[in-house]
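Colleague: In the numbering used here, the protein residues as written are 49 to 1047. In this text, a Cβ means the ideal position worked out from N, Cα and C, and glycines have one as well. On a predicted model such as this, the values are computed, not experimentally measured, just so you know.
The structure is reproduced here in structure tokens:
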């Protein structure tokens, strides 16, 4: 390693080189060139975006939508909708352009044409061409300017296996065309050779995840197998053509598995000697320096160098938001200065190890490139071992200045159609207009001393703002949800495997009812089996009799007075202890869920999080409600307080066997009610595990009873019991309505009205309009419809698609669904597991036959033999009033319905008896606004999946025939388990009363 003295030597040299480069990039342009740019709309748009944050957001949203719009009238309408908001301050020129009465008018058409051309001009600044011929012209121009290139093929997100295969084939074809063209290129010594070694003229940059549509760190083995097969084909062909291949780095979740796969392939005998392959390190990641060290160590062992491209990173916003939403540790530095410091440290590390790795320094920051040169010159690093890289259209002046100083410069050249390239364009625009961007600061004529100063780490304003917001957003209840497992971390996947081994050692045990703190024997038992493999018995369930139900009811009644008087803080402590125990046993509980009800691993883990969140949230909520409300006046106190109702009967479903059972149960308990849990027969083992946790958490005897049994006998008995005060139910509409009717029937000796809280399902629809991002919409619909085989209350069973994009959507939806892996829920690769039991499978198959009678099958797939499987099934051209468009199927069956316009789409969406969840994929502000007002659902999701509601963030529940009662996980939910009480006291004595403030 280099001594500190040498580091300070680097700084002096860095400043010297940086000043030279900066001077070269700031050369004065002619008066006419500046005048021409001032008249160009593309430059005006960028200029306005830099100076006005609210305009910047709306303008970029409009640009993101633009490729999906089909004509000038649509463009003009969206332009007005996005930029016409009151919050957006418009420059006079733009305000004047938008001042048209109708999108169809001549001024509207002119505005649309002007902005479209300006956006296209902007796009072509950063995209090297729309087709191979345009890209080749760009490449040939770059070579004349003594610049090398790497080509990145822009395209739609790879969400189907057809698209993954096409991605490979397009790159094979691209390398062939580039190599053929390169035979006519004149040699350019500065970029085609170094230190007597030839450097490949052709280089392509690829994204690993695009080689397999179901790429997932959870399924590391399966993903590696699929991806590696295609990468080997690519690398073999590249070697035949003498082309270099560089692997880009994408989102943080894929980083470790990307490195792992590439390291393994490049140690194979066939590829071990290749030096024309590269990987990428992103300096904004906190663990990137360690990644670089690991790559260097690996390269030493391999014995042949590879290239490491060092970049700052392009997904900062996305990574930050995802980590915040998931409650995960931030993978990126919050402070740009910290990224810059890290970038320089890794630059030094790479160049100090130039005999093992080639460094490709990718930056538009003059100081960053100058630092690299200073270190390389000080260490006399051979020219073959390092090069500078810039993005096409971003670092043109810097690239030219570096070429003039004799360095090898490579330009990253994305090419492809404007539509798929829009995400790339938005990233470049964000980078160009960010306050912290070196390019922007350079344009703003920031003093050279400030621009080139060494970066210093400090608590940035953004971090302070974030902390202020966190403090401000903490509610009275101070609830924060727990984090799901991050399966991108290899240790997490191993922990899940270990949990399955642990659970398999406990299969087949007997689980008995828990009554008054004791487990009681039963005359009847039933096997709970694994729906993925129904020969496997998960546990034997002792079914309670009606007589035992009566015992449970008496125990609950006897325990109620003591539990009612137990301080809220103690009740809340039991819930928090239960939450802690569930977190400790997270992997084990997930494994039980996977095996007993066939829920895939990641979704089972999310369910454990939800159960924990319910415990923590309701504990905090009860503490809030316990404070009551005072309405005091002089001489009188008025207190509004809550008291428990009595005995709660919880009838929980099998589809969320832990989360919903826990949520309804702990809500009743923390409110001070004695509670009897009767779980669904097919998920009674998981409910037994939850009962064990409550006992360990300290729930007193008799306060909680676990009562597995037949719904028609034990369930009905408790619903009709005169001592039942509350019935909390989640299940079918048929059973829910029967419970509602029975509860309303006043029995002899009953002195209260029963409170029913019932969630009874839905016929959930997603609308996809013509402005939607189809990549996002297709992925979202697939996840919403086929996650847990369509057996979620919130699952999508109808997609209402506007006619203009109907055919394209159906085609991509079918292909994406075809690419899903169907199999045992335990397998990490599985996205679609079994349905719960044979009855469910038979019922779903009947609906599929009904669907065939009234519409057209777009997709049917084969399924494994051993297990209760129903393959994802898609129907197209389904009538809006058809059976499969109206009745809840509760399985992986989707009806795709065509609507002529958005108004009709909303009418179709609202045209069922249910109102639970709904979704909209749209980039049209007026459609989003209209859906918010008119879409009849309890939970509306816009531009995201419609499943996976999170406690407190998205309280869950619907209306119409979807249920009755307040939303689970919301601020009103506990009120249903409580009776409000007002206490008024006259505090005057003989005309005297204390008056506040009087002395």
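1. Using only the alpha-carbon positions, how far apart do residue 817 and residue 794 sit?
2. Please name the residue in 935, 842, 894, 641 whose C-alpha comes closest to that of residue 998.
3. Can you tell me whether residue 82 is buried or exposed, with buried defined as 16 or more other CB within 10 angstroms of its CB?
4. What would DSSP say about residue 119, mapped onto helix, strand or coil?
5. Identify which residue in 108, 946, 662, 332 has its Cα closest to the Cα of residue 303.
6. Going by alpha carbons, who is nearest to residue 141 out of 131, 833, 149?
7. In chain order, what are the residue ranges of uninterrupted alpha helix (DSSP H) at least 4 long that sit wholly in the region 873 to 951?
8. Measure the Cβ-Cβ separation of residue 354 and residue 398 and say whether it is below 8 Å.
9. Residue 629 to residue 774, Cα distance in whole Å?
10. Taking residue 726 as the reference, give the member of 750, 700, 747, 527 with the closest Cα.
11. Does the pairing of the region 867 to 886 with the region 645 to 664 give three or more beta-carbon distances under 8 Å?
12. Would residue 612 and residue 692 be called neighbours here (beta carbons separated by less than 8 Å)?
13. Residues bridged to residue 356 by DSSP?
14. For residue 819, does the count of other Cβ atoms within 10 angstroms reach 16, so buried, or fall short, so exposed?
15. Excluding sequence positions up to five away, which residues of its chain have a Cβ less than 6 Å from the Cβ of residue 677?
16. Give the straight-line distance between the Cα atoms of residue 524 and residue 667, rounded to the nearest whole angstrom.
17. With three or more beta-carbon pairs closer than 8 Å as the criterion, would you say the region 97 to 104 touches the region 929 to 944?
18. If I measure Cβ to Cβ from residue 212 and keep anything under 7 Å in the same chain, skipping five residues before and after, which residues do I get?
19. Of all the alpha helix (DSSP H) runs that stay within the bounds of the region 210 to 284, which reach a length of 4 or more residues?
20. Taking the alpha carbon of residue 1011 as the reference point, which residue from 766, 810, 148 has its own alpha carbon closest?
21. Could you work out which residue in 797, 812, 603, 923 is closest to residue 859 when comparing CA atoms only?
22. Who are the Cβ neighbours of residue 106 in its own chain at under 8 Å, not counting the five residues just before and after it?
23. Taking 6 Å as the limit between beta carbons, can you name the residues of its chain near residue 2, skipping five residues before and five after?
24. Hey, could you find the ends of the beta strand (DSSP E) residue 437 is sitting in?
25. Among 994, 289, 694, which residue has its Cα nearest to the Cα of residue 833?
26. Using C-beta distances below 7 Å, list every residue in its chain close to residue 674, excluding the 5 sequence neighbours before and after it, in chain order.
27. Just checking my contact of residue 178 with residue 466 at CB under 8 Å: how many whole Å lie between their CB atoms?
28. When the Cα of residue 830 is compared with those of 862, 175, 361, 255, which residue comes out closest?
29. Tell me which residue opens and which closes the alpha helix (DSSP H) that residue 42 is part of.
30. On the CB-based measure, 16 or more other CB atoms within 10 Å of its CB, does residue 770 come out buried or exposed?
31. In this structure, how does DSSP classify residue 377 when only helix, strand and coil are distinguished?
32. In this structure, does DSSP put residue 674 in helix, strand or coil?
33. Spatial neighbours of residue 520 within its chain, please: C-beta separation below 6 Å, excluding the five flanking residues on both sides.
34. For my contact list, residue 1000 and residue 529 are in at a C-beta cut-off of 8 Å; report their separation, rounded to the angstrom.
35. Rounded to the nearest angstrom, what separates residue 154 and residue 168 at their Cα positions?
36. Does the region 291 to 305 come into contact with the region 318 to 331, if we say contact requires no fewer than three beta-carbon pairs (one atom in each stretch) closer than 8 Å?
Modeller: Working from what's here:
1. Here the C-alpha atom of residue 817 lies approximately 50 Å from the C-alpha atom of residue 794.
2. For residue 998, the nearest C-alpha among the options comes from 842.
3. With a pLDDT of 49 at residue 82, under the threshold of 50, the predicted position of this residue should be treated as unreliable, though the coordinate-derived value follows. Answer is exposed; the Cβ neighbour count stays below 16.
4. In this structure, residue 119 counts as coil in the three-state DSSP scheme.
5. The option with the nearest alpha carbon to residue 303 is 332.
6. Out of 131, 833, 149, 131 has the C-alpha closest to the C-alpha of residue 141.
7. Listed in chain order, the complete alpha helix (DSSP H) runs (minimum 4 residues) inside the region 873 to 951 are 886 to 902, 931 to 934.
8. For the 8 Å CB-CB criterion, residue 354 and residue 398 do not form a contact.
9. Distance from the CA atom of residue 629 to the CA atom of residue 774, rounded to whole angstroms, is 27 Å.
10. The shortest C-alpha separation from residue 726 is found at 700.
11. Result yes; three or more Cβ-Cβ pairs closer than 8 Å.
12. Result yes, Cβ atoms of residue 612 and residue 692 sit closer than 8 Å.
13. Bridge partners of residue 356: 327, 407.
14. By the Cβ neighbour-count rule, residue 819 is buried, with 16 or more other Cβ atoms within 10 Å of its own.
15. The beta carbon of residue 677 sits closer than 6 Å to the beta carbons of 688 from its chain, once the five residues preceding and following it are set aside; these are given in chain order.
16. Model confidence at residue 524 stands at a pLDDT of 37, short of 50, so the residue's coordinates are unreliable and nothing is read from them.
17. Judged by Cβ distances under 8 Å, the region 97 to 104 makes no contact with the region 929 to 944, as fewer than three pairs qualify.
18. Residues 206, 258, 259, 260, 261 of the same chain have their beta carbon placed closer than 7 Å to that of residue 212, with the five preceding and five following residues left out of the count.
19. Qualifying alpha helix (DSSP H) stretches, in chain order: 237 to 240.
20. With distances taken between Cα atoms, residue 1011 lies closest to 810.
21. Nearest to residue 859 by alpha-carbon distance, out of 797, 812, 603, 923, is 923.
22. Answer for residue 106: 130, 131, 133, 136, listed in chain order.
23. Residue 2 falls outside the range modelled here, since the chain spans only 49 to 1047, and no answer is possible.
24. Residue 437: member of the beta strand (DSSP E) spanning 434 to 439, first to last residue.
25. Taking only the C-alpha atoms, the option nearest residue 833 is 994.
26. Excluding residues within five positions, the ones whose Cβ falls inside 7 Å are 616.
27. That pair is a contact at about 7 Å.
28. Ranked by how close their Cα comes to the Cα of residue 830, the residues 862, 175, 361, 255 have 862 in first place.
29. With the chain represented from 49 up to 1047, any question about residue 42 goes unanswered, as that position is not in the structure.
30. Residue 770 is exposed by the Cβ-count criterion.
31. Residue 377 carries a coil assignment under DSSP once its states are collapsed to helix, strand and coil.
32. Three-state DSSP puts residue 674 in a helix.
33. Caution is warranted here: a pLDDT of 42 is assigned to residue 520, below 50, making its placement in the model unreliable, and the coordinate value is therefore given only provisionally. If we look at residue 520 and ignore the five residues flanking it on each side, it has no Cβ neighbours.
34. Their Cβ separation, rounded to whole angstroms, is 7 Å, which keeps residue 1000 and residue 529 in contact under 8 Å.
35. About 21 Å.
36. Yes, since at least three Cβ pairs between the region 291 to 305 and the region 318 to 331 fall closer than 8 Å, the two stretches touch.
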